[in-house]
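**Student:** Chains as they are written, first to last, in the working numbering: chain A, 1 to 231; chain B, 1001 to 1231.
Ideal Cβ placement from N, Cα and C applies to all residues, glycine included.
Fair warning: this is a prediction, and the values are worked out from it, not measured in the lab.
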């Protein structure tokens, strides 16, 4: 099962691509006409995507397997859409992404010359070496001195991909993401939701209510919240 | 502000120590009489702790400062309680800890000869090097090859402290956690809640309902759930 799409009713059924059609203009890009695409191999998802105004890229069976990666699909897409110069891959599993995040990150490509920009969040995790289970071998600290442990406010933490978005130039996609000039875009933790396993759903629901993007107009009704009863 | 206790009404007011009074018996320990202590410098917290059957360690002002660490307090405690041989420091910010976690982890000290056992959770975070903000320097991947990104199910991830508990022998505390034989105890993600910043509260509330420990008898009432209204 492809972890990117497990939550959807059809395997490998959906991911979101926001495609920004751009043309090089001297050393920088200018966005000519952004377009939004949904990549799917399923009729029902195609219908919903079109009803909401998105264009649809019908994924071929070759890039719709359980073992297919996002890169496989995006490579197919750019082959079929030669007018696209910059691709922003948005993951549906990160529902607190706002337009300003994408606008600022895209400018790092169009104005600062990076070839790949992706979202990260700052984590404060003390990591330890994995050892064989049940053995008597001691573990070792990887990023701390346990006898002189920094307080959170005295440690910058580490930057981790949060899976929200990845923006690439066409050239980066065509060469399989090798080389290039990579930059991260740091998102605040409140916007950084990643629905990965089932216990992430209640978290995401709470976060979307408070930090989600609802378009230019705010909705007039409360969203339903899943309250999990005691077992 | 001490990050361990920020959520409580009194700064440096509360942490939980579960103290297991043990005596060496040949090469292993056997638990003689476990005892539960609350360490605090505040009268109200002392009252609540005693009402719930815990013993109280009155922290001195020297180890109750904003800059005090948990280790400072535990070192004071073991000086004042020479009969204690093994100390289990439980953090109130991890409310899904169950007795079986502590029982299994303690046996790693009493039966397997480790001097320190602490809880971890498996994380799957792709980390990137931090670079100066606003600059044009590219970042570098630290634990992945972006052109050959592993799928989650093909990568074991990394073991990170989840802050739930730390168990030490007296000798480890006395020598300031230097040296010793360290082991981790892996907790499943559903039990691994760490209340660190305010947006963690709704997550913790959801998790406690489903994965918390309510003693031998389950409660008969639903816990209130905080539903955050739209701003």
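Run through chain B and tell me which residues come within less than 7 Å of residue 183(A), C-beta to C-beta.
**Tutor:** Under the 7 Å cutoff, chain B gives 1138, 1139.
**Student:** Please report the straight-line C-alpha distance between residue 168(A) and residue 135(A), rounded to a whole angstrom.
**Tutor:** In a straight line, the C-alpha of residue 168(A) is about 44 Å away from that of residue 135(A).
**Student:** Tell me the rounded alpha-carbon separation between residue 91(A) and residue 35(A).
**Tutor:** Those two C-alpha atoms are separated by around 16 Å.
**Student:** Starting from the Cα of residue 118(A), find the closest Cα among 185(A), 52(A), 50(A), 98(A) and give me that residue.
**Tutor:** Of the listed residues, the one whose Cα sits closest to residue 118(A) is 185(A).
**Student:** I need the straight-line Cα distance from residue 1180(B) to residue 191(A), nearest angstrom please.
**Tutor:** So the two alpha carbons sit approximately 40 Å from each other.
**Student:** For the segment 70 to 144 of chain A, list the beta strand (DSSP E) runs that are entirely contained and at least 3 residues long, ordered along the chain.
**Tutor:** The segment 70 to 144 of chain A contains these whole beta strand (DSSP E) runs: 86 to 90, 116 to 123.
**Student:** Tell me whether the beta-carbon of residue 1125(B) lies closer than 9 Å to the beta-carbon of residue 160(A).
**Tutor:** Result yes, Cβ atoms of residue 1125(B) and residue 160(A) sit closer than 9 Å.
**Student:** Residue 164(A): which of 139(A), 94(A), 73(A) sits nearest, CA to CA?
**Tutor:** Here the closest residue by C-alpha is 94(A).
**Student:** Do you know whose CA, among 150(A), 166(A), 70(A), 153(A), lies nearest residue 109(A)'s CA?
**Tutor:** Of the listed residues, the one whose Cα sits closest to residue 109(A) is 166(A).
**Student:** Do you know how far the Cα of residue 133(A) is from the Cα of residue 158(A)?
**Tutor:** Answer to the nearest angstrom: the Cα atoms are 27 Å apart.
**Student:** If you measure beta-carbon to beta-carbon, which residues of the segment 1155 to 1169 of chain B are closer than 8 Å to chain A?
**Tutor:** Those would be 1156, 1158, 1159, 1160, 1161, in chain order.
**Student:** Please classify residue 1116(B): is it buried, with 16 or more other beta-carbons within 10 angstroms of its beta-carbon, or exposed?
**Tutor:** It is buried - the Cβ of residue 1116(B) has at least 16 other Cβ atoms within 10 Å.
**Student:** Residues of chain B with CB closer than 9 Å to the CB of residue 106(A), please, in chain order.
**Tutor:** Under the 9 Å cutoff, chain B gives no residues; its nearest Cβ is about 16 Å from residue 106(A).
**Student:** Out of 128(A), 153(A), 162(A), 156(A), which one is the CA nearest neighbour of residue 146(A)?
**Tutor:** Measuring from the Cα of residue 146(A), the nearest candidate turns out to be 128(A).
**Student:** Measuring CA to CA, which of 1156(B), 1131(B), 1137(B) is closest to residue 1143(B)?
**Tutor:** Nearest C-alpha to residue 1143(B): 1156(B).
**Student:** Residues of chain A with CB under 7 Å from residue 1190(B), in chain order?
**Tutor:** Here the neighbours are 199.
**Student:** Mind listing the chain A neighbours of residue 1060(B)? Cutoff is C-beta to C-beta under 8 Å, in chain order.
**Tutor:** In chain order: nothing, as chain A lies at least about 20 Å away.
**Student:** Looking at the C-beta of residue 202(A), does it have a partner C-beta in chain B at a distance below 9 Å?
**Tutor:** Closer than 9 Å to some Cβ of chain B, the Cβ of residue 202(A) qualifies, so yes.
**Student:** Return helix, strand or coil for residue 1209(B), following the three-state DSSP convention.
**Tutor:** Residue 1209(B): helix per DSSP, three-state reduction.
**Student:** Leaving aside the five residues before and after residue 1215(B) along the sequence, list all residues of the same chain whose C-beta is less than 8 Å from its C-beta, in chain order.
**Tutor:** Result list for residue 1215(B): empty, nothing under 8 Å.
**Student:** Taking the beta carbon of residue 1204(B) as the centre, do at least 16 other beta carbons fall within 10 Å, making it buried, or is it exposed?
**Tutor:** Classification of residue 1204(B): buried, given that the 10 Å Cβ count is 16 or more.
**Student:** Which chain B residues sit within Cβ distance under 7 Å of residue 120(A)?
**Tutor:** Correct list: 1128.
**Student:** With a threshold of 7 Å on Cβ separation, who are the neighbours of residue 1173(B) within its own chain once the five nearest residues in sequence on each side are excluded?
**Tutor:** Hits under 7 Å: 1074, 1075, 1078, 1087.
**Student:** Within 10 angstroms of its Cβ, does residue 1162(B) collect 16 or more other Cβ (buried), or is it exposed?
**Tutor:** Burial call: buried.
**Student:** Give the residues of chain B in contact with residue 236(A), contact being defined as C-beta atoms less than 7 Å apart.
**Tutor:** In the structure as shown, chain A begins at 1 and stops at 231. Residue 236(A) is therefore absent and cannot be evaluated.
**Student:** Suppose you measure from the CA of residue 85(A) to the CA of residue 1189(B); what does that come to, to the nearest Å?
**Tutor:** Each residue's Cα considered, the two are about 40 Å apart.
**Student:** Between residue 1071(B) and chain A, is there a C-beta pair that is closer than 9 Å?
**Tutor:** It does: the Cβ of residue 1071(B) has a partner Cβ on chain A nearer than 9 Å.
**Student:** Please list the partners that residue 1177(B) has in chain A, where partner means a Cβ-to-Cβ separation under 7 Å.
**Tutor:** The contacting residues are 146, 147.
**Student:** To which residues of the same chain is residue 57(A) closer than 6 Å at the C-beta, ignoring the five residues directly before and after it?
**Tutor:** Here the set comprises 37, 39, 77.
**Student:** What's the call for residue 1068(B), buried or exposed, on a 16-neighbour Cβ count within 10 Å?
**Tutor:** The residue is buried, with at least 16 neighbouring Cβ atoms inside 10 Å.
**Student:** Could you list which residues in chain B have their beta carbon closer than 9 Å to that of residue 113(A), in chain order?
**Tutor:** The contacting residues are 1136.
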